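K.L.:
So that we are looking at the same thing, I have put the structure below in structure tokens.
Number of protein chains: 2
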Amino acid sequence: MNNKITAVLVDDHAVVRAGFRLLLSSGDKIEVVGEAARGEQAIQLYQECRPDVVVMDLSMPGIGGLETIRRIVQRDSEALILVFSVHHEQVYVSRALNAGAKGYITKNSAPELLTEAIAAIMRGECFVERGLLKNQQDPQPSNDHQAILAEFSPREFDVFRLLAEGMTAQKVADQLCLGHKTVANYATQIKKKLQVDTTTELAHIAVNLGMLQR
Amino acid sequence: MNNKITAVLVDDHAVVRAGFRLLLSSGDKIEVVGEAARGEQAIQLYQECRPDVVVMDLSMPGIGGLETIRRIVQRDSEALILVFSVHHEQVYVSRALNAGAKGYITKNSAPELLTEAIAAIMRGECFVERGLLKNQQDPQPSNDHQAILAEFSPREFDVFRLLAEGMTAQKVADQLCLGHKTVANYATQIKKKLQVDTTTELAHIAVNLGMLQR
DNA sequence: ACGAAACCGGGAAAAGTTCCTTATTTTCCC
DNA sequence: GGGAAAATAAGGAACTTTTCCCGGTTTCGT
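Residue numbers (full-length UniProt numbering), protein chains in the order written: chain A, 1 to 214; chain B, 1 to 214.
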């Protein structure tokens with residue numbers, strides 16, 4: 001096997017991409033054949049390069065990581081996507097895997113894990129960093145919120161997250177490039193699904209699920 | 001000193017009162033001369049009994065613990081009030097002391113601490129459970145929120161707390177027996193002081209200060 | 001290809017917010 | 001005690017947000 005594994009990097013932060021490029025290249029097994037700063041670029045790049053794997057951050061401007069995964073997988077159901085995210089919360093992991101990712105590691109995991117993970121998903125395995133899924137198959141008594149949330153559509157989830165962070169509906173609309181009425185409608189719908197009355201309670205749910213840091 | 005220390009107990013939960021009555025009486029130094037389930041009763045009881053100390057929970061229906069402390073101290077500036085609360089957060093401690101309490105211990109502190117605390121405040125000392133105030137005089141770099149919050153008027157603080165919990169302005173108005181316009185005005189004022197735009201951000205502040213449990 | 005679900009937003013009524021203003025009460029200081 | 005300052009309470013008017021209902025498009029699975 002003389003051929004290196006080809007990879008593309010997707011992250012909105014150039015410094016992070018540079019670092020990961022070095023990290024990946026250092027092993028002599030992997031070659032980074034492309035970089036993208038946002039989802040739309042990544043999709044296009046994928047179709048041009050057809051790399052063996054995609055290494056992708058979740059938080060990005062524009063369509064965001066989850067949606068990017070969905071679109072790539074939609075175009076090539078064999079695509080191997082490894083998520084590396086700052087989020088270590090279960091909700092993000094399960095949503096990423098549901099979207100079609102084959103692996104999930106966090107940004108502060110051991111550097112070796114990155115090549116390990118890539119090797120694993122190249123073998124057809126599904127690689128999730130140790131500990132990230134432990135709460136998931138445990139029969140947790142409470143928190144049907146978690147379950148409800150996991151069934152949210154991408155848009156619902158985005159609107160939920162941004163509202164829960166404390167943004168006004170108007171700002172959410174700007175960020176997602178939607179009409180304010182649209183966001184308002186989603187908000188109403190989300191509150192109904194989670195059976196709460198106020199946006200503040202959405203924040204509490206997000207906090208309780210550990211979705212919000214700092 | 002043949003005379004026992006006289007005390008009144010204030011807590012909205014009868015079981016808790018019963019337990020504490022036993023606990024206090026067991027030492028042979030203290031005699032419980034009265035009990036009250038809520039602030040209004042407590043104030044009346046205090047004027048009738050004039051006990052040496054008042055042992056009081058903070059969370060109560062009606063006017064609440066802080067307001068009760070204020071009103072008792074207002075009528076008798078020599079009153080010795082010991083707060084025992086479930087809350088171990090700095091904000092509550094400092095507000096209780098500002099309101100006029102002479103001591104603060106939490107409900108899961110060692111039982112001996114209760115008699116110790118009473119003895120201390122009887123000697124004219126101010127007794128705060130170890131560790132509860134440690135963050136306060138530390139020059140903390142961040143969190144001016146804490147400072148701003150500590151200067152809130154009683155009403156501002158109540159409105160803030162209830163809004164942060166996720167109540168609608170209308171429900172807050174009902175709870176505090178105010179007009180909805182009044183609550184709305186307080187809400188605007190509070191947001192301005194804390195320099196945020198949304199009620200959701202108030203929740204985040206409360207969470208970050210550890211004011212909200214579960 | 002057809003139904004289901006997701007997605008987007010218009011319109012109207014209800015609810016909530018902001019800003020300004022007024023008034024009473026409490027508190028604090030000299 | 002008298003007066004300044006702060007807290008408390010709320011009305012009115014303009015404005016924004018939210019809710020509810022609806023219709024339209026795109027996309028997906030089978």
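We treat Cβ as the ideally placed atom computed from N, Cα and C, and that holds for glycine.
In this text, all values refer to a predicted model and were calculated from it rather than measured experimentally.
What three-state label does DSSP hand A/T198 in the structure shown?
P.N.:
Residue state, collapsed to three classes: coil.
K.L.:
Do you know offhand how far B/A184's Cα is from B/R70's?
P.N.:
Distance between the alpha carbons of B/A184 and B/R70: 25 Å.
K.L.:
Looking at the structure shown, is A/A36 part of a helix, part of a strand, or coil, going by DSSP?
P.N.:
If DSSP states are grouped into helix, strand and coil, A/A36 belongs with the strands.
K.L.:
Going along chain A in order, which residues have a C-beta closer than 8 Å to the C-beta of B/E201?
P.N.:
Within chain A, the residues near B/E201 are G166.
K.L.:
Around the C-beta of A/T188, are 16 or more other C-beta atoms found within 10 angstroms, so that it is buried, or is it exposed?
P.N.:
That one is exposed.
K.L.:
Please identify the residue among A/V55, A/E112, A/T115 whose C-alpha is closest to the C-alpha of A/A96.
P.N.:
Taking only the C-alpha atoms, the option nearest A/A96 is A/V55.
K.L.:
Using the Cα positions of A/R161 and B/F20, report the straight-line distance between them to the nearest angstrom.
P.N.:
C-alpha separation (whole angstroms): 45 Å.
K.L.:
Taking the Cβ atom as the reference point for each residue, do B/Y104 and B/V86 lie within a distance shorter than 7 Å?
P.N.:
No. Outside cutoff.
K.L.:
Please confirm whether B/T198 has its beta-carbon closer than 7 Å to some beta-carbon of chain A.
P.N.:
Output row for B/T198: interface = yes.
K.L.:
Straight-line CA distance for A/P51 to A/T6?
P.N.:
Rounded to whole angstroms, A/P51 to A/T6 spans 5 Å at the Cα level.
K.L.:
I believe A/A101 touches A/V83 by the beta-carbon criterion, under 8 Å. Please report the beta-carbon distance rounded to the nearest angstrom.
P.N.:
Yes, they are in contact, since the Cβ atoms of A/A101 and A/V83 sit about 5 Å apart, within 8 Å.
K.L.:
Enumerated in chain order, which unbroken segments of the beta strand (DSSP E) with a length of 3 residues or greater are wholly contained in the UniProt domain "Response regulatory" (6–122) of chain A?
P.N.:
Correct list: 30–36, 53–56, 81–85, 103–106.
K.L.:
Could you tell me whether any Cβ in chain B is nearer than 7 Å to the Cβ of A/V207?
P.N.:
With 7 Å as the cut-off, A/V207 counts as an interface residue toward chain B.
K.L.:
Please classify A/Q90 as buried or exposed, where buried requires at least 16 other C-beta atoms within 10 Å of its C-beta.
P.N.:
Per the 10 Å Cβ criterion, buried.
K.L.:
Within 10 angstroms of its Cβ, does B/A164 collect 16 or more other Cβ (buried), or is it exposed?
P.N.:
Buried, since its Cβ has 16 or more Cβ neighbours within 10 Å.
K.L.:
Using a Cβ-Cβ cut-off of 7 Å, state whether A/H204 counts as contacting chain B.
P.N.:
Yes, A/H204 lies at the interface with chain B (some Cβ there is under 7 Å from its Cβ).
K.L.:
Along chain B, in chain order, which residues have C-beta atoms closer than 8 Å to that of A/L163?
P.N.:
Those within 8 Å of A/L163 in chain B are T200.
K.L.:
Looking at C-alpha atoms only, which residue of A/E129, A/E40, A/V10 is the closest neighbour of A/V33?
P.N.:
The shortest Cα separation from A/V33 among A/E129, A/E40, A/V10 belongs to A/V10.
K.L.:
The alpha helix (DSSP H) that contains A/R161, what's its start and end?
P.N.:
Residues 154–165.
K.L.:
Figure out for me which residue from A/E125, A/A79, A/E67 has the closest Cα to the Cα of A/P154.
P.N.:
Taking only the C-alpha atoms, the option nearest A/P154 is A/E67.
K.L.:
Per the contact definition of three or more C-beta pairs closer than 8 Å, is the region 113–130 of chain A in contact with the region 143–151 of chain A?
P.N.:
Verdict: no, contact absent.
K.L.:
B/E201 and A/G39 - do their beta-carbons sit closer together than 7 Å?
P.N.:
No.
K.L.:
Near B/L212, which residues of its chain fall below 6 Å by C-beta distance, leaving aside the five closest residues on each side in sequence?
P.N.:
Once the five neighbours on either side are set aside, the close Cβ partners of B/L212 are A206.
K.L.:
Where does A/I205 fall in DSSP's three states?
P.N.:
The answer is helix: DSSP assigns A/I205 an H, G or I state.
K.L.:
Could you tell me the boundaries of the alpha helix (DSSP H) in which A/L176 lies?
P.N.:
Where A/L176 is concerned, the enclosing alpha helix (DSSP H) stretches over 169–176.
K.L.:
If we cut at 7 Å on Cβ distances, does B/P141 have a partner in chain A?
P.N.:
Any reading at B/P141 is ruled out, since the residue's pLDDT is 32, under 50, leaving its predicted position unreliable.
K.L.:
Is the beta carbon of B/T168 less than 7 Å from the beta carbon of A/D197?
P.N.:
Yes, Cβ-Cβ distance for B/T168 and A/D197 is below 7 Å.
K.L.:
Could you tell me the boundaries of the alpha helix (DSSP H) in which A/L149 lies?
P.N.:
Its alpha helix (DSSP H) spans residues 144–150.
K.L.:
Return helix, strand or coil for B/M211, following the three-state DSSP convention.
P.N.:
In the structure shown, B/M211 sits in coil (DSSP, three-state: anything other than H, G, I, E or B).
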